[in-house]
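In the numbering used here, the protein residues as written are 20 to 140. We treat Cβ as the ideally placed atom computed from N, Cα and C, and that holds for glycine. Here the structure comes first, spelled out in structure tokens, and everything after it is commentary.
This is the structure we're talking about:
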């Protein structure tokens, strides 16, 4: 178990050239897997107001992005975003041990518009 506290400074900025290399390798991987462009999720957009709502949760030092699969969409792969505290714990009611409390509708963020259908890179 990692005991390092999170500070909110995790991650690093990269150049647009490096970002293009990362995404290019992703597309090459999908192509090798036999997937055609336009048939898989390339990116997903989330509005700053929605992200700020997660960031305002008590104890939040950052966000964690989970990869998930939806059953009800043409492009099934999705990103699920949750707030995280300094101990690295997800700030969701179902994961912090409040077993008698129902899960809230604002525990995680999902359903942002997906690229390739809703993007203009």
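Own chain residues within Cβ distance below 7 Å of residue 69, not counting five before or after: The residues are 128.
DSSP three-state assignment for residue 84, whether helix, strand or coil: Residue 84 falls in the strand class under three-state DSSP.
Status (buried if at least 16 other CB within 10 Å, exposed otherwise) for residue 88: Exposed, by the Cβ-count rule.
Cβ pair count under 8 Å reaching 3, the region 53 to 67 against the region 95 to 103: By the Cβ test, the region 53 to 67 is in contact with the region 95 to 103, since at least three Cβ pairs between them sit closer than 8 Å.
Boundaries (first-last residue) of the alpha helix (DSSP H) holding residue 46: That run of the alpha helix (DSSP H) goes 35 to 51.
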